[in-house]
Every structure is written in C-alpha cells, then in structure tokens.
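*Asks:* I'd like to ask you about the structure that follows.
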Amino acid sequence: MEPVPVTTRTLAPAARSATPSPSRRIREEVGRVFTHCLNAYFAFAGVGDLAENLRVLSLNAELAAGRAGDRGRAIRVLTQYTRELVTRMMQIHHDMVKIKAITYGSSADALRVLHRLNFLDMAQHQAGCPDAGEAEDAGGGRGSTRAALERASRAEFTAILNAVDRLVGSIGQLENLARLIAEVVAQSDSIATNIAIEAASAGAFEVEFSHVATTMRGYVEKLREIIDEAGGAVREAVKSGYSLKRHAQGLAGQESQAQGRAAAPGKRRNAG
Amino acid sequence: MICTTIYREGKHRWLVFGQDPERPDNVIDTNQVVVASGDSVVLLDPGGMEVFPAMLSALTERLGIEQVRHLFFSHQDPDVCSALPLWRSVCGSGLQVHASWLWTGFISHFDREAKINALPDEGGVLALNEARLQLVPAHYLHSPGNFSVYDARARILFSGDIGASLVPPKERRGLYVENFADHIRFMDGFHRRWMASEKARDAWVERVARLDLDQLVPQHGLLFRGDDVKRFLDWLAALPLGSALAEEVRPEAKTSAEHRALEAPARAARPRLAATSTAPARR
Chain A
212 MEPVPVTTRT
222 LAPAARSATP
232 SPSRRIREEV
242 GRVFTHCLNA
252 YFAFAGVGDL
262 AENLRVLSLN
272 AELAAGRAGD
282 RGRAIRVLTQ
292 YTRELVTRMM
302 QIHHDMVKIK
312 AITYGSSADA
322 LRVLHRLNFL
332 DMAQHQAGCP
342 DAGEAEDAGG
352 GRGSTRAALE
362 RASRAEFTAI
372 LNAVDRLVGS
382 IGQLENLARL
392 IAEVVAQSDS
402 IATNIAIEAA
412 SAGAFEVEFS
422 HVATTMRGYV
432 EKLREIIDEA
442 GGAVREAVKS
452 GYSLKRHAQG
462 LAGQESQAQG
472 RAAAPGKRRN
482 AG
Chain B
700 MICTTIYREG
710 KHRWLVFGQD
720 PERPDNVIDT
730 NQVVVASGDS
740 VVLLDPGGME
750 VFPAMLSALT
760 ERLGIEQVRH
770 LFFSHQDPDV
780 CSALPLWRSV
790 CGSGLQVHAS
800 WLWTGFISHF
810 DREAKINALP
820 DEGGVLALNE
830 ARLQLVPAHY
840 LHSPGNFSVY
850 DARARILFSG
860 DIGASLVPPK
870 ERRGLYVENF
880 ADHIRFMDGF
890 HRRWMASEKA
900 RDAWVERVAR
910 LDLDQLVPQH
920 GLLFRGDDVK
930 RFLDWLAALP
940 LGSALAEEVR
950 PEAKTSAEHR
960 ALEAPARAAR
970 PRLAATSTAP
980 ARR
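Protein sequences, first through last, are from chains A and B.
Residues 212 to 483 in this note's numbering are what the first sequence spells out, letter by letter.
Residues 700 to 982 in this note's numbering are what the second sequence spells out, letter by letter.
Here you go:
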C-alpha cells in the first residue's frame with residue numbers, strides 16, 4: 212500500500228482568557244455562602260454535647276428530687292420538662308446533621324458544575340461560536356458543535372439552579388433550627404429559674420437543688436453564646452443565599468436569551 | 700492544537716491532535732487520537748479537562764460531534780480521562796465509554812453519572828463500522844489496568860504511555876521521530892521510572908513484535924514509523940525498569956549473599972527520621 216500523505220494543519224491558538232464574569236461571580240457567592248454556613252455549623256457543633264450534659268443533669272436532679280420526697284415534687288416536674296427540652300435539642304442536632312450534608316453536597320455540586328461550565332464556555336469561544344445575533348455558521352461541523360455546546364450549557368445552568376435552590380433551602384432550614392434552639396434556650400432558662408426558686412424552700416436539699424439550677428444556668432449561658440455566634444453566621448448566609456439565587460437566575464436567564472437570539476438568525480431584539 | 704492525519708484509506712482515518720501551543724507549561728503535553736471509520740468515531744485517550752476546549756474545537760473542524768460514538772481510555776490518568784463529563788455533555792446520548800475494569804470506580808470520580816464499559820484484562824475488539832480495533836493488554840506499563848489499541852487495517856498501534864517522550868517544544872521537528880538514537884534521551888528517564896514490570900514489558904514486546912506495524916503512536920511526544928518501530932521495541936526490551944527501586948534488591952542478583960550485599964548499602968542510604976521525644980528530659 213502506498214503511504215498516505217500526511218497533512219498537518221495548525222489551528223488558531225486557543226484563547227484562555229474567556230472566563231465569563233457571571234460564572235466567576237456565582238462561584239465567589241457560593242464560596243461566601245458556604246463559608247457562612249460552615250461558621251454556623253461550627254458554632255452549633257456544641258449543641259449535641261450540651262444536650263447530653265443537660266440530660267445527665269436532669270436525671271441526677273430527678274434522683275435528688277426522689278430522695279427529697281415531698282420537698283422534691285416540684286423539682287421532679289421541672290426535670291421532666293427539662294428532659295423534654297433535651298429530646299427536642301437532640302432532634303434539632305440530628306436534623307442539623309442532615310441539613311449540613313445538604314449544604315455541603317449542594318455547594319460541591321454548584322462548584323463542580325461551574326467548573327465544567329468554565330470549560331464549556333472556553334470551548335464555545337475557541338470553536339468560534341458566534342455571539343447571539345450573528346449569522347448561523349454554514350459549516351456542518353461547527354453548527355452541530357455549537358448546538359451540542361449550547362445543549363450542554365443549558366443542562367449545566369439547570370444543574371446550577373437546582374444546586375443553588377438546594378443550598379438556599381438548606382440555609383432556610385438552618386435558620387428554622389436556630390430559631391428552635393433559641394426557644395429551647397428560653398424555656399431552659401425559665402426552668403433553671405424555677406428550680407432555683409424551689410431550691411430555696413427545699414430545706415436540707417437546698418444546696419443540692421441550687422447547684423442543679425446553677426449548673427443548668429451555665430449550660431443555658433453556653434447555648435446563648437452558641438446562638439449568638441451561629442445566629443450571625445446564619446444571617447449572613449441567608450443574605451448571601453438570596454444574592455446567590457438572584458445571580459444564578461440572572462445568569463440562566465441571560466444565557467437562555469442569548470441562545471434564543473442565536474436560534475433565530477437575522478432577528479434582533481431591542482435591548483431593554 | 701495541531702491536527703495531523705497519519706492514515707487515510709477511503710473512509711478510514713487516523714488523526715492525531717496535540718502539541719497545543721497554548722498549553723500551560725505545567726500541564727503535560729498529550730496526543731489525542733481519533734479513529735474514524737465512515738460516520739463512526741472513537742477518541743483514544745481524549746485528554747484532560749484543560750485541553751478539552753482546544754481539542755473539541757480542533758476535532759469539530761474535521762468531523763461532526765455527533766459522529767463520536769466511543770471514548771476509549773487506555774488507563775486512568777487525569778491527562779487521559781478527566782474531561783469525561785465534558786465529552787459526555789456534548790456527545791450524543793449513545794456515547795459508549797471503555798476502560799479497564801480495574802479503573803471504572805476510580806474514573807467515576809471524574810464523572811459519577813458515566814456508565815463505563817469495563818474491559819476485561821484479556822482485552823477485546825472495539826467495532827467501529829467496518830473497522831475492528833484490537834484492545835491489546837499492556838498491564839503494568841505503567842498502569843496495572845492498561846491497553847494498547849491495534850488497527851490491523853491501518854497497521855497502527857496506539858500504545859498509550861509506552862513509547863512516550865517528553866520533548867521540549869524548541870527541540871521538536873514535526874510529529875515523527877527522525878533520529879532514533881537522538882530521541883532516546885527524551886524517553887529514557889520516563890520509561891525507567893514509570894514502567895513497573897520487566898516481565899510485563901517482555902510480554903507486551905513479544906505480543907507487539909508479532910503485529911504487522913507501520914506506526915506506533917504514544918500518548919505523549921513523537922510518533923514512530925517504519926524501522927523506528929522495531930528500534931523502539933528492541934530498545935524497550937533491553938531497558939532496565941523500575942528506577943525508583945534501583946537501590947533495593949535487583950532481580951538479576953542470583954544468590955542470597957549477593958542479595959545481602961545489595962541490601963546493606965541500600966539500608967544505609969535510606970533517609971532516617973530525626974529522633975524526637977515528647978517526654979520530659981530526665982534530670
């Protein structure tokens with residue numbers, strides 16, 4: 212067989228500076244939201260341990276109340292309320308773990324999609340895909356490539372919106388949980404106060420019941436610190452989340468408009 | 700990115716894409732190989748994410764993206780397959796992806812939704828319209844799950860990392876090796892360090908030497924043609940491999956005394972950790 216002539220062609224150098232600013236903006240926003248969420252979860256990390264400490268305290272208080280007989284009746288009731296609060300706190304802690312997984316997962320999804328979108332954008336640029344409004348390319352290869360890249364980009368935008376929705380949704384749930392913890396803190400404080408009042412009339416058991424009240428107030432104080440610290444982070448996360456959602460929707464809207472114009476060659480839409 | 704047609708007969712072609720002048724220096728240069736038979740195309744080692752835009756652009760100057768039916772990964776390295784999710788997003792839904800069974804779970808880290816056809820160790824045949832591409836086992840050279848691709852019609856073997864060379868751009872003169880003796884310096888270090896098994900090497904060389912070959916196409920660097928194919932196989936067959944183990948026991952040491960003699964300096968040469976102690980010093 213005759214050797215086949217080898218042909219060589221050097222294509223136009225690739226332009227690597229085609230990082231679109233809307234995608235970068237979203238990437239930065241996702242990073243910001245994720246950081247605020249991380250701060251909130253970090254602050255809330257102590258809730259589980261405090262709940263357990265409170266549970267042990269309430270059990271010991273109930274035993275002491277049992278030994279105190281009639282003088283401990285009111286304390287027993289208060290310790291039962293305390294254990295109900297502990298159950299709620301444990302449930303909140305459990306729910307927070309699930310929400311954290313959603314936050315982490317959806318952030319990672321968004322960043323992964325943005326990373327891929329970056330390369331698809333570069334591919335569109337290098338393939339010489341015309342901007343919206345220019346004439347459809349006559350070459351079969353280019354036309355099908357552009358269509359394929361647009362289809363791929365649309366899928367990625369959908370994926371970004373879904374990921375951002377999930378992320379913002381998880382922040383909303385985190386906000387709810389923060390509110391629930393604040394309620395538990397308020398009720399725990401009230402119970403600690405009542406225990407202290409009952410302790411004053413508990414005779415020989417006053418020291419023991421006062422100690423319970425003081426310890427419980429200590430836990431309540433720590434919970435307040437947690438809420439203060441986490442609450443700030445949650446508020447920032449909520450704010451950043453709304454901003455992120457606006458940008459993601461704006462980006463998806465811009466792209467679908469651009470693709471709509473590209474699909475209708477020769478037509479022009481009036482700006483604004 | 701430079702595209703070169705290295706074989707064409709009717710509707711059967713081999714194209715090699717590479718030597719991208721815009722490639723960043725820290726991203727290793729790769730050859731992306733395309734085999735087209737009629738309206739069906741397979742990409743052999745289509746490249747990493749960083750080269751995807753340039754590769755897609757270059758590829759679709761020559762053929763439609765809808766013709767790409769198969770992606771083949773010789774092994775699991777990122778420069779081979781990290782662009783998998785991008786290719787899947789632009790190619791048709793019937794795209795098939797092929798890789799060694801050893802790596803399917805690992806490649807999924809690049810694209811968890813990809814369905815990968817797991818190739819058995821014995822290899823197989825990839826049918827592409829009228830073309831039949833043989834998947835030749837090349838395990839441990841360097842990857843433990845690794846294949847070369849042989850096209851009997853074109854008389855070309857795509858050899859993956861076997862035959863790879865790292866040629867500085869200013870020393871390149873075209874796509875093919877022109878002076879084999881001078882080319883060795885660009886291959887030597889790579890093969891000594893990367894290729895893991897002399898036994899595997901011997902088996903591969905023996906297998907490939909029986910093939911009817913005009914060209915040998917590696918995934919990095921220059922291609923071999925004509926007599927240089929045999930020169931390469933002969934050179935590889937004689938090359939000591941596994942240079943990172945050079946100070947350990949060598950397989951050619953036959954007696955236990957020789958083994959002990961070799962081990963002693965090797966032990967002495969091993970870096971030692973500085974002694975540290977967290978215990979309070981005794982007075």
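Each residue gets a CB set at the ideal place from its N, CA and C atoms; glycine is no exception.
Note that the coordinates shown come from a computational prediction; the quantities given were computed from them, not determined experimentally.
Closest by CA to E273/A, which one among A459/A, G429/A, V423/A, Y453/A?
*Replies:* V423/A
*Asks:* Does any C-beta atom of chain B lie closer than 8 Å to the C-beta of A359/A?
*Replies:* yes
*Asks:* Does the region 315-324 of chain A come into contact with the region 766-776 of chain B, if we say contact requires no fewer than three beta-carbon pairs (one atom in each stretch) closer than 8 Å?
*Replies:* no
*Asks:* What does the Cβ neighbour count give for I855/B, buried or exposed, with the cut at 16 atoms within 10 Å?
*Replies:* buried
*Asks:* Can you check which of these residues, I764/B, F716/B, S896/B, is closest to G920/B by C-alpha distance?
*Replies:* Per the C-alpha coordinates, the member of I764/B, F716/B, S896/B positioned closest to G920/B is F716/B.
*Asks:* Quick one: what's got a C-beta closer than 7 Å to M754/B's C-beta in the same chain, skipping five residues either side?
*Replies:* M700, F716, Q731, P745, G746
*Asks:* Identify the residues that DSSP records as bridge partners of N816/B: which are they?
*Replies:* Partner(s): H797/B.
*Asks:* Helix or strand or just coil, what does DSSP make of D776/B?
*Replies:* coil
*Asks:* DSSP on S847/B, reduced to helix/strand/coil?
*Replies:* strand
*Asks:* Assess contact between the region 919-936 of chain B and the region 869-888 of chain B, defined as three or more Cβ pairs (one per stretch) separated by less than 8 Å. Is contact present?
*Replies:* Touching, per the Cβ criterion.
*Asks:* Whole angstroms is fine: what's the gap from G351/A's alpha carbon to T314/A's?
*Replies:* Only weak support exists for where G351/A lies, its pLDDT of 47 falling under 50; the value from the coordinates is given anyway. Their backbone Cα atoms lie some 43 Å apart in a straight line.
*Asks:* From D738/B to Q766/B, what does the alpha carbon distance come to, in whole angstroms?
*Replies:* 6 Å
*Asks:* Between C702/B and H247/A, what straight-line distance do the alpha-carbon atoms span, to the nearest angstrom?
*Replies:* When only Cα atoms are considered, C702/B and H247/A end up about 48 Å apart.
*Asks:* Quick one: does G464/A have its CB under 8 Å from some CB of chain B?
*Replies:* no
*Asks:* To be precise: take each residue of the region 761-785 of chain B, compare its Cβ to all Cβ atoms of chain A, and keep it if any distance is under 8 Å. Which residues remain?
*Replies:* R761, L762, G763, I764, E765, A782, P784, L785
*Asks:* In whole angstroms, give me the CA-to-CA distance for D820/B and S858/B.
*Replies:* 16 Å
*Asks:* Over what stretch of residues does the alpha helix (DSSP H) that includes S736/B continue unbroken?
*Replies:* Looking at the DSSP string, S736/B is not in any alpha helix (DSSP H); the run it does join, the beta strand (DSSP E), is 731-736.
*Asks:* Could you run through the region 365-380 of chain A and flag, in chain order, every residue whose CB is less than 9 Å away from some CB of chain B?
*Replies:* A366, E367
*Asks:* Based on Cα-Cα distance, which residue from H841/B, F805/B, S788/B lies nearest to R900/B?
*Replies:* H841/B
*Asks:* Residues in the region 304-328 of chain A with C-beta within 9 Å of chain B's C-beta atoms, listed in sequence order?
*Replies:* Sequence-ordered contacts of the region 304-328 of chain A with chain B read R323, H326, R327 [C-beta pairs closer than 9 Å].
*Asks:* Hey, how far is the Cα of T369/A from the Cα of P752/B?
*Replies:* 21 Å
*Asks:* Are N816/B and V796/B close, meaning C-beta to C-beta below 8 Å?
*Replies:* yes
*Asks:* Check whether the Cβ of S807/B lies closer than 8 Å to any Cβ atom in chain A.
*Replies:* no
*Asks:* Mark W786/B as exposed unless 16 or more other C-beta atoms lie within 10 angstroms of its C-beta, in which case mark it buried.
*Replies:* buried
*Asks:* Less than 8 Å between the C-beta atoms of D850/B and L834/B, yes or no?
*Replies:* No, Cβ-Cβ distance for D850/B and L834/B is not below 8 Å.
*Asks:* Residues of chain B with CB closer than 8 Å to the CB of S355/A, please, in chain order.
*Replies:* T759, G763, I764, E765
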